[in-house]
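Undergrad:
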Amino acid sequence: MVNATDTLSTQPMEPFSAAATRTINVPAARSAVLPPAQTLIAIDQLDFYYGAKQALFDVNLALDEKRVTAFIGPSGCGKSTLLRCINRMNDLIDGTAIKRGSIKIREIDIHRKDIDPIELRKRVGMVFQKSNPFPKSIYENITYGLRIQGIAKKTRLDEVVEKSLRGAALWDEVKDRLHESGLGLSGGQQQRLCIARAIAVDPEVLLMDEPCSALDPIATAKVEELIHELKKQFTIIIVTHSMQQAARCSDKTAFFYMGKLIEYADTRTIFMNPANPQTEAYVSGRFG
Amino acid sequence: MKRFFDSELETFRTHLLFMGEKAMEQVRQALKALVEGNISLADQVIAADDEIDRLEVRIDDEAIRYMNLRAPIATELRLVIVGMKASHDLERVGDEATSIAKRAVKLAAEPPLKPYVDIPRMADIALEMLRDALACFLHGDEAKAMAVVRRDSEVDSINKQLYRELTSYMIERPQSISRALELMFISKSIERIADHATNIAEEMVFLAHAKDIRHSEELKKGGGAPGV
Chain A
2 MVNATDTLST
12 QPMEPFSAAA
22 TRTINVPAAR
32 SAVLPPAQTL
42 IAIDQLDFYY
52 GAKQALFDVN
62 LALDEKRVTA
72 FIGPSGCGKS
82 TLLRCINRMN
92 DLIDGTAIKR
102 GSIKIREIDI
112 HRKDIDPIEL
122 RKRVGMVFQK
132 SNPFPKSIYE
142 NITYGLRIQG
152 IAKKTRLDEV
162 VEKSLRGAAL
172 WDEVKDRLHE
182 SGLGLSGGQQ
192 QRLCIARAIA
202 VDPEVLLMDE
212 PCSALDPIAT
222 AKVEELIHEL
232 KKQFTIIIVT
242 HSMQQAARCS
252 DKTAFFYMGK
262 LIEYADTRTI
272 FMNPANPQTE
282 AYVSGRFG
Chain B
77 MKRFFDSELE
87 TFRTHLLFMG
97 EKAMEQVRQA
107 LKALVEGNIS
117 LADQVIAADD
127 EIDRLEVRID
137 DEAIRYMNLR
147 APIATELRLV
157 IVGMKASHDL
167 ERVGDEATSI
177 AKRAVKLAAE
187 PPLKPYVDIP
197 RMADIALEML
207 RDALACFLHG
217 DEAKAMAVVR
227 RDSEVDSINK
237 QLYRELTSYM
247 IERPQSISRA
257 LELMFISKSI
267 ERIADHATNI
277 AEEMVFLAHA
287 KDIRHSEELK
297 KGGGAPGV
C-alpha cells in the first residue's frame with residue numbers, strides 16, 4: 002500500500018497548467034517603443050487661413066504609414082482643420098487658403114494643380130463625427146463609390162460589400178438585410194456602415210473626425226476595436242476629444258493649441274510623460 | 077488653474093507624508109526602546125502599528141477612488157500609483173519597527189551583549205534614507221532620490237559586518253546565542269527598512285521622469301538613472 006507521504010516524495014508535482022512549463026519572454030515594461038514606420042504623409046510648414054483668419058501656424062508633421070495617429074487639443078485648436086486639409090475637404094469652403102507650406106502623400110504634393118481632389122478623396126477616405134449614411138440601402142451605401150467609378154458587375158460589387166462590411170465588423174449583423182435602408186441601423190451600426198463605405202473604395206488613408214462622439218460606450222468599444230484591426234491595412238488619423246480614446250487607440254499623438262502643433266510623440270510618451278507643460282495640462286484636464 | 081479635485085490629490089499626498097512621518101517615528105521609538113531597555117516604550121510601538129495599517133488602507137482607498145473617478149493621466153497617474161506603492165513600503169517599515177520593538181522586549185530581560193553602536197548607526201542611515209526618499213515626494217528632488225538608492229549598500233555592508241561579528245559571539249559564547257540571534261534579526265529589520273527607502277526613492281524617480289530604474293545594474297555601479 003502506498004501511503005500519502007510516499008506519494009508526495011516520489012511523484013513529481015503536476016504544474017497548474019501547461020503555461021507553467023513554458024519559458025515566458027517578458028518584454029521590458031515602461032519602455033515599449035514602436036518599430037520604425039515609414040512616413041506616408043509629410044506636412045511641411047503649413048499655414049492655413051479661413052479668409053483673413055489664420056487657423057494653422059507653421060505645422061510640421063510626419064505621419065506614419067499603417068499607424069494610428071491621434072490629433073488632440075481643445076475646440077478651435079485647428080485639429081479638424083488640419084484633418085480636412087489632408088483630403089482637401091477645405092476646398093469646399095469659400096475663402097480657405099493654404100498660404101504657405103505643403104502636404105505630401107508619398108512625396109506627391111496633394112495641392113498640385115494636376116491633382117484631382119475627387120481622386121485624392123478616393124485614396125484618403127473620411128468618417129465624420131455624426132454618421133451620415135445615404136438614404137439608401139446598406140448595399141447601395143457601400144457600392145455607391147464603386148458605381149461612380151463605373152464598376153457595375155454584380156459579382157464584383159457583392160464581393161466588395163461583403164469584404165467591406167466584414168472589414169468594418171458589421172457583416173454578421175446586417176448580412177440578412179443588405180437591401181434594407183442604412184438609416185434603419187442603430188447609431189453605432191450606422192457609424193460602422195460609414196467606415197465600411199469609406200474602405201470600400203480601398204483608400205490608403207482613413208481620416209476619422211471624432212468618430213465615436215455620438216456613440217454609446219459599447220458602440221465606441223466596437224469602433225475602437227475596429228480601428229485596431231483597420232490599421233493593419235490603412236493609415237488612420239483620428240481627431241478625438243476623449244483622452245482615454247486617444248491613449249487606447251493611437252500609436253502617436255499630436256497635441257494642437259491655438260493653431261500650432263505643440264507636441265508630437267509616441268502616445269505612450271504623451272500620456273505618461275509629455276515634454277511640454279501645456280500638453281500635460283491639457284491631457285490632465287487642466288484646461289481646454 | 078486650480079481645480080476643485082486638486083484638493084483630493086493634496087489630501088492624498090498629505091496622508092502619505094503623514095504615514096511616512098509615523099513610520100519613521102515608530103522606527104525611532106523602537107530603537108530607543110532597544111537601547112534604553114524600555115519595555116513600556118516598546119509596547120507603545122507595538123500598539124501604534126495599527127494606525128499605520130489603517131493609513132495604508134485609507135491611502136489605497138483614496139488612490140482607487142481617484143483613479144476610478146478622475147482617470148488621471150501623466151504626472152497625476154504616476155503620483156497616484158507611486159503613492160500607493162510607497163504606502164505599502166511604509167506599512168512594511170511599520171511592521172519592521174514592531175518586530176524590533178518585540179525583540180527589544182525580549183532583550184530587555186537580559187544584560188546587553190555589547191554596547192549598542194552599530195545598530196543605532198545603521199538605523200540612523202536607514203531613517204535618513206527614508207526621510208530623503210519622502211522629501212522627493214514633496215519637492216521632486218530626483219538627485220536626492222538617486223543618492224538614497226546608492227546609499228543602500230552602506231546599510232547592507234554594516235548588516236553583513238554585524239552578522240559576522242554576532243556569529244563569532246555565538247561560536248565563542250554559546251550562552252549569548254539567543255541574544256545574538258535577536259540582534260541579527262534586528263539588524264536584518266533595519267536593512268529591510270533601508271530597502272523600503274530605496275524602493276520609495278526608485279518610485280520617486282519614476283514619478284519625476286517616468287523612467288523605471290528598478291533592478292538597474294548601471295545604477296548599482298554608481299551611474300545615473302538611465303535616460304534621465
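Chains as they are written, first to last, in our numbering: chain A, 2 to 289; chain B, 77 to 304. Virtual Cβ for every residue (Gly too), placed ideally from N, Cα, C.
#1: Count the other CB atoms, across all protein chains shown, that sit within 10 Å of the CB of residue 97 of chain B; report buried if there are 16 or more and exposed otherwise.
#2: If we cut at 7 angstroms on Cβ distances, does residue 152 of chain B have a partner in chain A?
#3: Can you tell me whether residue 97 of chain A is helix, strand or coil according to DSSP?
#4: Tell me, to the nearest whole angstrom, how far the beta carbon of residue 80 of chain A is from that of residue 288 of chain A; I am working on the premise that it is less than 8 angstroms.
#5: Do the CB positions of residue 64 of chain A and residue 88 of chain A come within less than 7 angstroms of each other?
#6: One question on the structure: do residue 169 of chain A and residue 148 of chain A come within less than 7 angstroms of each other, judged by their Cβ atoms?
#7: Does any residue of chain A have a CB that is nearer than 7 angstroms to the CB of residue 122 of chain B?
#8: Keeping to the same chain, check which residues put their C-beta closer than 6 angstroms to that of residue 169 of chain B; ignore five residues upstream and five downstream.
#9: By the 10 Å Cβ neighbour count, where 16 or more other Cβ atoms means buried, how is residue 110 of chain A classified, buried or exposed?
#10: Ignoring anything shorter than 4 residues or poking outside the segment 236–274 of chain A, list the alpha helix (DSSP H) runs there in chain order.
#11: Quick check: the Cα distance between residue 196 of chain B and residue 107 of chain B, rounded to an integer number of angstroms?
#12: Whole angstroms is fine: what's the gap from residue 219 of chain B's alpha carbon to residue 278 of chain B's?
#13: To the nearest angstrom, how far is it from the Cα of residue 179 of chain B to the Cα of residue 212 of chain B?
#14: Should the segment 123–143 of chain A be regarded as contacting the segment 177–191 of chain A, the criterion being three or more beta carbon pairs within less than 8 angstroms?
#15: Should residue 162 of chain A go down as buried or exposed, given a rule of 16 or more other Cβ atoms within 10 Å for buried?
#16: Would you say residue 181 of chain B and residue 139 of chain B are within 7 angstroms of each other, going by their C-beta atoms?
#17: Alpha carbon to alpha carbon, how far is residue 250 of chain A from residue 223 of chain A? Give it in angstroms, no decimals.
#18: Do you know how far the Cα of residue 279 of chain A is from the Cα of residue 263 of chain A?
#19: Quick one: give me the first and last residue of the beta strand (DSSP E) that residue 90 of chain A is part of.
#20: Which residues share a DSSP beta bridge with residue 57 of chain A?
#21: Going by C-alpha distance, which of A:77, A:209 and A:187 is nearest residue 51 of chain A?
#22: Of the choices A:85, A:108 and A:266, whose alpha-carbon is the least far from that of residue 97 of chain A?
#23: Assuming residue 49 of chain A and residue 99 of chain A are in contact, meaning their beta carbons sit under 8 angstroms apart, how far apart are those beta carbons, in whole angstroms?
#24: Going by other Cβ atoms of all chains shown within 10 Å of its Cβ, with 16 needed for buried, is residue 266 of chain B buried or exposed?
#25: Cα-Cα, which of B:122, B:113, B:127 and B:155 is closest to residue 84 of chain B?
#26: Would you mind giving the Cβ-Cβ distance between residue 260 of chain A and residue 56 of chain A, rounded to the nearest angstrom? I have them listed as a contact below 8 angstroms.
#27: For the alpha helix (DSSP H) holding residue 213 of chain B, just list the boundary residues, first then last.
#28: Counting along the chain, where does the alpha helix (DSSP H) carrying residue 113 of chain B start and finish?
#29: Which residues bound the alpha helix (DSSP H) around residue 261 of chain B?
#30: Check distances from the C-beta atoms of the segment 267–283 of chain A to those of chain B and list, in chain order, the residues that come in under 7 angstroms.
#31: Give the straight-line distance between the Cα atoms of residue 220 of chain A and residue 189 of chain A, rounded to the nearest whole angstrom.
#32: So with CB distances below 8 angstroms, who are the chain B contacts of residue 285 of chain A?
#33: Opposite residue 70 of chain A in the DSSP bridges: which residues?
#34: At a cut of 8 angstroms, does the segment 203–215 of chain A reach the segment 148–158 of chain A through at least three beta carbon pairs?
#35: Determine, using beta carbons only, whether residue 286 of chain B comes closer than 7 angstroms to chain A.
#36: Terminal residues of the continuous beta strand (DSSP E) containing residue 126 of chain A?
TA: From the atom records:
#1: Residue burial annotation: residue 97 of chain B is exposed, with fewer than 16 other C-beta atoms found within 10 angstroms of its C-beta.
#2: Taking CB atoms only, residue 152 of chain B has a neighbour in chain A less than 7 angstroms away.
#3: Annotated three-state conformation of residue 97 of chain A is strand, per DSSP.
#4: Not confirmed; about 15 angstroms, so no contact.
#5: Contact flag unset, no.
#6: Cβ atoms of residue 169 of chain A and residue 148 of chain A: not closer than 7 angstroms.
#7: Not one beta carbon of chain A lies nearer than 7 angstroms to the beta carbon of residue 122 of chain B.
#8: Hits under 6 angstroms: 99, 269 and 272.
#9: Classification for residue 110 of chain A: exposed.
#10: Counting whole runs of 4 or more residues, the segment 236–274 of chain A contains the alpha helix (DSSP H) stretches 244–250 and 268–273.
#11: The alpha-carbon atoms of residue 196 of chain B and residue 107 of chain B are separated by roughly 7 angstroms.
#12: Approximately 11 angstroms, taken between the alpha carbons.
#13: Each residue's Cα considered, the two are about 32 angstroms apart.
#14: Because the criterion of three Cβ pairs below 8 angstroms is met, the segment 123–143 of chain A and the segment 177–191 of chain A touch.
#15: Buried, by the Cβ-count rule.
#16: No, Cβ-Cβ distance for residue 181 of chain B and residue 139 of chain B is not below 7 angstroms.
#17: Their backbone Cα atoms lie some 12 angstroms apart in a straight line.
#18: In a straight line, the C-alpha of residue 263 of chain A is about 8 angstroms away from that of residue 279 of chain A.
#19: Counting along the chain, residue 90 of chain A sits inside no beta strand (DSSP E), nor does DSSP assign it H or E at all.
#20: Paired residue(s): A:49.
#21: Selected option, being the one with the closest Cα: A:77.
#22: That would be A:85, whose Cα lies nearest to the Cα of residue 97 of chain A.
#23: With a Cβ gap of about 5 angstroms, residue 49 of chain A and residue 99 of chain A count as contacting.
#24: With 16 or more other CB atoms across the displayed protein chains lying within 10 angstroms of its CB, residue 266 of chain B is buried.
#25: Here the closest residue by C-alpha is B:155.
#26: That pair is a contact at about 5 angstroms.
#27: In the DSSP assignment, residue 213 of chain B falls within the alpha helix (DSSP H) that extends over 194–215.
#28: Element bounds for residue 113 of chain B: n/a, residue is neither H nor E.
#29: Segment 253–285, the alpha helix (DSSP H) holding residue 261 of chain B.
#30: For the segment 267–283 of chain A, the set of residues with a beta-carbon nearer than 7 angstroms to any beta-carbon of chain B comprises 272, 273, 274, 275 and 281, in chain order.
#31: Each residue's alpha carbon lies about 5 angstroms from the other.
#32: Within 8 angstroms Cβ-Cβ: 148, 149, 150, 151 and 152.
#33: Per DSSP, A:238 and A:253.
#34: Judged by Cβ distances under 8 angstroms, the segment 203–215 of chain A makes no contact with the segment 148–158 of chain A, as fewer than three pairs qualify.
#35: The beta carbon of residue 286 of chain B falls within 7 angstroms of a beta carbon belonging to chain A, placing the residue at that interface.
#36: Per DSSP, residue 126 of chain A is one residue of the beta strand (DSSP E) stretching across 125–128.
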